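A short worksheet on the structure shown next.
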Amino acid sequence: MNYSEIISLGKKVIKIESEAVESLINKLDENFAKAVELILNSKGRVVYTGMGKSGLIARKIVATMNSTGTAAIYMHPTDALHGDLGMVRKDDIVILISKSGYTEELINLVPLFKRINVPIIGMIGDENSKLAKDCDVILDVSVKEEACPFDLAPTSSTTAALVMGDALAISLLELRGFTAEDFALLHPGGSLGKRLALKISEIMYSGKDVPIVYEDTSLKDTILEITSKRLGTTCVVNEKGKLTGIITDGDLRRLLEKTIDIKELKALDVMTKNPKTISQDLLASFALQMMEQFNITSLIVVDKEKYPIGMVHLHDLVKLGLRER
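Numbered by my numbering, the letters in the sequence shown go through residues 27 to 351 in order.
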């Protein structure tokens with residue numbers, strides 16, 4: 027078998043699964059809105075359950091919901107029949123995932139859920155199945171075909187269920203007004219936690235470490251300020267101390283290429299006006315995004331009156347692990 031045949035096989039799988047996902051768009055109806063509304067108004071948690079591959083998908087959706095502000099747990103159907111049903115509380119909502127709609131373990135659980143009187147949402151692949159008829163709300167996750175050539179291994183069906191779960195989770199996120207700061211509280215560790223939690227005020231150079239010269243500072247003294255503070259740049263301020271410009275190592279190199287007398291030059295003559303600035307209250311990750319967007323290595327931190335109070339450098343942000351991987 028040559029490479030082109032192998033690549034064709036891979037493309038075929040991706041095409042089948044992408045079509046399965048795209049078909050979900052036309053299946054979203056009032057039932058989806060009802061499911062979101064039920065969860066949004068619930069005082070309890072979302073209890074996901076499913077057997078086999080559906081159970082694995084349920085676990086992933088639970089993880090996504092928990093990280094986006096919706097409390098959720100996974101309950102194994104077999105364990106539920108042997109005591110774990112005690113996990114379900116009267117304020118909870120149960121979501122069943124089943125491709126066939128005839129999963130025996132789930133069918134056996136339904137009467138018990140009804141006894142507790144919890145709403146049951148079904149992510150079902152067959153709307154006419156036994157499970158579908160017993161659910162309060164049905165989310166249609168049926169697929170035309172599995173990517174498996176024998177139509178046995180769950181592939182397209184599990185992908186569709188996962189995407190439907192993401193649609194629920196992100197819709198709830200939006201409706202709850204869940205913010206990046208909320209996300210940060212739930213992800214304090216690692217580079218992700220840093221990107222979402224570290225504020226500019228916590229990592230910026232401040233006080234005497236900030237390179238600053240006045241507009242009438244000589245070019246020689248300006249170069250000394252840039253060199254001594256070791257950030258490759260300096261703020262330029264007017265007589266009132268307000269920011270008016272910035273001078274970088276690059277500005278100095280370009281100046282030396284010109285055939286002009288630089289002895290009498292002042293900072294005002296060399297600076298770039300209206301430099302990019304940022305507030306100390308923003309997340310440090312925003313500073314990194316700005317630097318990459320404008321292809322710069324430093325940002326001046328200013329207060330509300332445009333006085334320079336700090337500086338952040340690209341290299342420091344990268345060392346902190348703020349760049350996405």
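Virtual Cβ for every residue (Gly too), placed ideally from N, Cα, C. All figures in this text were calculated on a predicted structure; none of them were measured in a lab.
Practice item. Grab the span of the alpha helix (DSSP H) containing Val88 for me, first residue to last. Key: In the sequence shown, counting from the first residue as 1, residue 88 sits at position 62. Here the alpha helix (DSSP H) through Val88 covers 78-93.
Item to complete: Quickly, what does DSSP pair Pro180 with across the bridge? List them, please.
Response: Counting from one through the sequence shown, the residue named residue 180 turns up at place 154. Beta-bridge annotation (DSSP): Pro180 is not paired with any residue.
Using a Cβ distance threshold of 8 angstroms, determine whether the stretch 178-189 contacts the stretch 79-96, with at least three qualifying pairs required. yes
task: Any chance you could list the alpha helix (DSSP H) runs of at least 4 consecutive residues sitting entirely within the stretch 129-193, in chain order?
output: 130-142, 156-160
query: Which stretch, first to last residue, makes up the beta strand (DSSP E) that contains Leu325?
result: For the purposes of this step, residue 325 is taken as residue 299 along the sequence shown, with counting starting at 1. Leu325 -> beta strand (DSSP E) spans 324-328.
Beta-carbon within less than 7 angstroms of Asn92's beta-carbon, same chain only, minus the 5 sequence neighbours each way: which residues are those? In the sequence shown, the residue the question calls residue 92 occupies position 66. Contacts found: Ala98.
Per DSSP, what are the beta-bridge partners of Arg339 in this structure? Within the sequence shown, residue 339 is the residue found at index 313, counting from 1. A small correction: the amino acid at residue 339 is His; Arg does not occupy that position in the sequence shown. DSSP lists Ser324 as partners of His339.
When the Cα of Ser126 is compared with those of Gly76, Pro103, Thr96, Glu283, which residue comes out closest?
-> Counted from its first residue, the sequence shown places residue 126 at position 100. Checked all of Gly76, Pro103, Thr96, Glu283; the closest Cα to Ser126 is Gly76.
Report task. My understanding is that Met317 touches Val262, with C-beta atoms under 8 angstroms, so please give their C-beta distance in whole angstroms. Result -> Position 291 of the sequence shown, counted from the first residue, corresponds to residue 317. Position 236 of the sequence shown, counted from the first residue, corresponds to residue 262. Their Cβ separation, rounded to whole angstroms, is 19 angstroms, which puts Met317 and Val262 out of contact at 8 angstroms.
- Just the Cα atoms here: how many angstroms apart are Pro301 and Lys345? Residue 301 sits at position 275 when you count from the first residue of the sequence shown. Residue 345 sits at position 319 when you count from the first residue of the sequence shown. Approximately 24 angstroms between the Cα atoms of the pair.
Please name the residue in Ser68, Gly148, Leu224, Leu188 whose C-alpha comes closest to that of Gly347. For the purposes of this step, residue 347 is identified with residue 321 of the sequence shown, where counting begins at 1. The shortest Cα separation from Gly347 among Ser68, Gly148, Leu224, Leu188 belongs to Leu224.
Practice problem: Measure the alpha-carbon distance for Val236 versus Arg256 and round it to whole angstroms. | Solution: The residue you call residue 236 lines up with position 210 of the sequence shown. The residue you call residue 256 lines up with position 230 of the sequence shown. Taking the straight line joining both Cα atoms gives about 10 angstroms.
I'd like to know whether the C-beta atoms of Ala313 and Val163 end up nearer to each other than 7 angstroms.
Mapped onto the sequence shown, residue 313 falls at position 287. Mapped onto the sequence shown, residue 163 falls at position 137. It is not a contact, given that the beta carbons lie outside the stated cut-off.
*Please report the residue range of the beta strand (DSSP E) in which Thr260 lies.*
Within the sequence shown, numbered from 1, the residue matching residue 260 stands at position 234. Here the beta strand (DSSP E) through Thr260 covers 259-263.
Check your understanding: Alpha carbon to alpha carbon, how far is Gly36 from Ser44?
Key -> Counting from 1 along the sequence shown, the entry for residue 36 is found at position 10. Counting from 1 along the sequence shown, the entry for residue 44 is found at position 18. Their backbone Cα atoms lie some 12 angstroms apart in a straight line.
First and last residue of the beta strand (DSSP E) that includes Ala98?
Here residue 98 refers to the residue found at position 72 of the sequence shown. According to the DSSP assignment, Ala98 belongs to the beta strand (DSSP E) that extends over 98-100.
Query raised in the report: Quick one, are the C-beta atoms of Lys332 and Lys266 less than 7 angstroms apart?
Result: If you number the sequence shown from 1, residue 332 lands on position 306. If you number the sequence shown from 1, residue 266 lands on position 240. Result no, Cβ atoms of Lys332 and Lys266 do not sit closer than 7 angstroms.
Could you give the first and the last residue of the continuous beta strand (DSSP E) run that contains Ile286?
To locate residue 286, count along the sequence shown from 1; it is residue 260. Segment: none, Ile286 is in no beta strand (DSSP E) and carries neither H nor E.
Candidates Asp275, Ile304, Val39: closest to Asp177 by CA position:
As a first step, residue 177 is located in the sequence shown; it is residue number 151 there, counting from the start. Out of Asp275, Ile304, Val39, Val39 has the C-alpha closest to the C-alpha of Asp177.
Considering Cα atoms alone, identify which of Leu343, Ala89, Val189 is closest to Ser23. Since the first and last residues shown for the chain are 27 and 351, residue 23 lies out of range.
Identify, in the order they occur along the chain, each residue of the same chain with its Cβ nearer than 7 angstroms to the Cβ of Phe204, setting aside the five sequence neighbours on each side. Looking up residue 204 in the sequence shown gives position 178. Once the five neighbours on either side are set aside, the close Cβ partners of Phe204 are Thr94, Gly95.
For a cutoff of 7 angstroms on Cβ pairs, would you count Arg115 as touching chain D?
This model lacks chain D altogether, as it is built from one protein chain only.
- Query: With respect to the beta strand (DSSP E) encompassing Ser124, which residues constitute its N-terminal and C-terminal limits?
  - Reply: Your numbering for residue 124 matches position 98 in the sequence shown. Counting along the chain, the beta strand (DSSP E) containing Ser124 begins and ends at 119-124.
- Item | Proximal residues to Ile273 (C-beta, below 8 angstroms), its chain only, five neighbours per side dropped | Counted from its first residue, the sequence shown places residue 273 at position 247. Correct list, in chain order: Val239, Thr248, Ile252, Thr259, Thr260, Val262, Ala293, Val296, Met297, Thr298.
Report task. Please name the residue, chosen from Lys170, Leu122, Leu111, that lies closest to Ala158 on a Cα-to-Cα basis. Result -> In the sequence shown, the residue the question calls residue 158 occupies position 132. Minimum Cα distance to Ala158 is reached at Leu122.
Which of the three DSSP states, helix, strand or coil, is assigned to Arg351?
-> For this step, residue 351 is matched to residue 325 along the sequence shown. Reliability of the predicted coordinates at Arg351 is poor, the pLDDT of 48 falling under 50, and the value obtained from them is presented with this limitation in mind. Looking at Arg351 - three-state DSSP - the assignment turns out to be coil, as it is neither helix nor strand.
Just verifying my parser: in three-state terms, what is the DSSP assignment at Leu269? Position 243 of the sequence shown, counted from the first residue, corresponds to residue 269. Residue state, collapsed to three classes: strand.
Worksheet item: So the beta strand (DSSP E) Ile238 belongs to, where does it begin and stop?
Response: Position 212 of the sequence shown, counted from the first residue, corresponds to residue 238. For Ile238, the uninterrupted beta strand (DSSP E) run begins and ends at 238-240, by DSSP.
State the Cα-Cα distance for the pair Leu309 and Ser324, rounded to the nearest angstrom. Walking along the sequence shown from the start, residue 309 turns up at place 283. Walking along the sequence shown from the start, residue 324 turns up at place 298. Approximately 15 angstroms, taken between the alpha carbons.
If you draw a straight line from the alpha carbon of Tyr29 to that of Val88, how long is it in whole angstroms? Within the sequence shown, residue 29 is the residue found at index 3, counting from 1. Within the sequence shown, residue 88 is the residue found at index 62, counting from 1. About 38 angstroms.
Quick check on DSSP: helix, strand or coil for Pro301? Here residue 301 corresponds to residue number 275 of the sequence shown, with the count starting at 1. Reduced to three states, the DSSP call for Pro301 is coil.
Using alpha carbons as the reference points, say which of Pro175, Ser227, Arg115, Arg279 lies closest to Leu245. For this step, residue 245 is matched to residue 219 along the sequence shown. Of Pro175, Ser227, Arg115, Arg279, the residue nearest in Cα terms is Arg279.
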